[in-house]
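K.L.:
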Amino acid sequence: MTNLLWLCHGRHFVLLWISIATLLTISFAMPPPNPIKCNNVNSTPGCQLSNTYGVWGDRQICHAPNIVYPTTEEELRQELANANKNNLKVKVVTRFSHTIPKLACPGNSKESVFISTERYDTNIDVNMEELTVTADGGVGLRKLIDTIENAGLSLVAATYWEGVTVAGVISTGAHGSSWWGKGGAVHDHVIGLSLIVPAHEDEGYAKIIKLTRQDPLFNAAKVSLGLLGIISKVTFQLEPAFKRSVRFNFTNDSHIEDEIIKHARQNEFGDIQWYPSRHTAVYKYDNRVPLDTSGGGINDFLGFQSNPILLSKSVRATEKGFENTRNEGGKCTMASSFVAYKKLIANGYKNNKLMFTLDIR
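Here it is as structure tokens:
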């Protein structure tokens, strides 16, 4: 049994480790490209939206004739009003576009427009008395967390990655892991929001409505997938700052069905990764500790680390070769290599900028 401790503010795969280690040492992280490309994309005038994964599920493009970039809440309202007045289909897009389905696509209609929140990311207001923060919908999660931490506070729930916006993270139900308190989803900690919705002509074609937990539509508006309007402001409930202590246990998956409930009850932010083909379960013991606890860690999440294209192509080609030849042994070896590599790098977690040290028991 292997335990790995972290504090946060086989012969079949030896050669694979050498290859991966060599390739990863020469890879460099790069920000994702802008998901919007305009002006005669693929010989079609207008703008084309892609997602961070590079392709939509239907392998078709997502197109609109135009895109606008409001910078304030009033400009955001005016753009929606203009679209409503001219009977245009509207979809809001962000600087990240992490959606897998085409939720941000207006349907390739000629009478449509993208409204981007890329430049609507200025205001983050922390209320120290009420322990809340209110942010523009286009603010990135990392920027929000940094501001909150500088004020000596913490957002209890967060996603496993930070490439999301304030409005996007709640409207899609993105989450971390917790059954404690209000819950592990980011929207569980929202106590208020502003929504820009279409309106009649005498109301200026669009209006801003403010919702709180007392409103019957509040829960629907929080996780609305962009269908009820444009989320322009979000208010989160915060707590005094704390750290989290993390320990991993790579072990046999025996009786995993009996361990799930107990694990969730005993660990505030715990989770379980299950690899049935390897009969392996990875239990993460993740709980809050006082802010003055020694150690400073980061979660350099493996799934979002920069990898050389050559490595990805090589791995996929190997997988395809094993599938075509029905080589079960080869596929099992690859699965073993993957789990062993995750154990070696502690799923990407680092303590004081160093990898975990292993405590073999």
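Per mature numbering (1 follows the signal peptide of the UniProt record, and there is no 0), the sequence shown runs over residues -29 to -1, 1 to 332. C-beta atoms are modelled at their ideal positions from N, C-alpha and C, and glycine is treated no differently.
#1: Using 8 Å as the threshold, is the C-beta distance between Y246 and K56 below it?
#2: Going by CA-CA distance only, name the one from F67, K255 and G17 that's closest to G25.
#3: Suppose the cutoff is 7 Å on Cβ atoms and the five residues either side in sequence are ignored; what does the same chain contact list for A170 look like?
#4: Would you kindly report the start and end of the unbroken beta strand (DSSP E) that includes A54?
#5: How far does the alpha helix (DSSP H) with S142 in it extend, from its first residue to its last?
#6: Provide the residue(s) that pair with C18 in DSSP beta bridges, ordered along the chain.
#7: Am I right that E239 and S125 are in contact with their C-beta atoms under 8 Å? What's the rounded C-beta distance?
#8: Grab me the residues of K8's own chain with a C-beta within less than 8 Å of its C-beta, minus the 5 sequence neighbours each way, in chain order.
#9: Where Y320 and S142 are concerned, what is the direct C-alpha to C-alpha distance, given to the nearest angstrom?
#10: Of the residues L115, P36, E45 and H34, which one's Cα is nearest the Cα of S203?
#11: Might you give, ordered along the chain, the residues of its own chain that have their beta carbon closer than 7 Å to the beta carbon of A35, omitting 5 neighbours on each side?
#12: Closer than 8 Å by C-beta to T136: which residues in its own chain qualify, once you throw out the five before and the five after it? Chain order, please.
#13: Report the partner residues of A156 according to the DSSP bridge assignment.
#14: Which residue from E290, F207, P4 and L188 puts its Cα closest to that of G200?
#15: Can you find the residues in the same chain that come closer than 6 Å, C-beta to C-beta, to F293, ignoring five residues on each side of it along the sequence?
#16: Below 8 Å between beta carbons: does that hold for V205 and A106?
#17: Beta-carbon separation of L166 and L74 under 8 Å?
P.N.:
On the basis of the data shown:
#1: no
#2: F67
#3: Y176, A177 and K178
#4: Element bounds for A54: not the beta strand (DSSP E) but the alpha helix (DSSP H), E44 to K56.
#5: V137 to S142
#6: C9 and A35
#7: Rounded, the Cβ-Cβ distance is 12 Å, inconsistent with contact.
#8: C18, Q19 and S21
#9: 28 Å
#10: E45
#11: G17, C18, P77, S83, V84 and F85
#12: T65, R66, F67, T88, D92, G108, G109, V110, G111 and L112
#13: H146
#14: L188
#15: G301 and K302
#16: yes
#17: no
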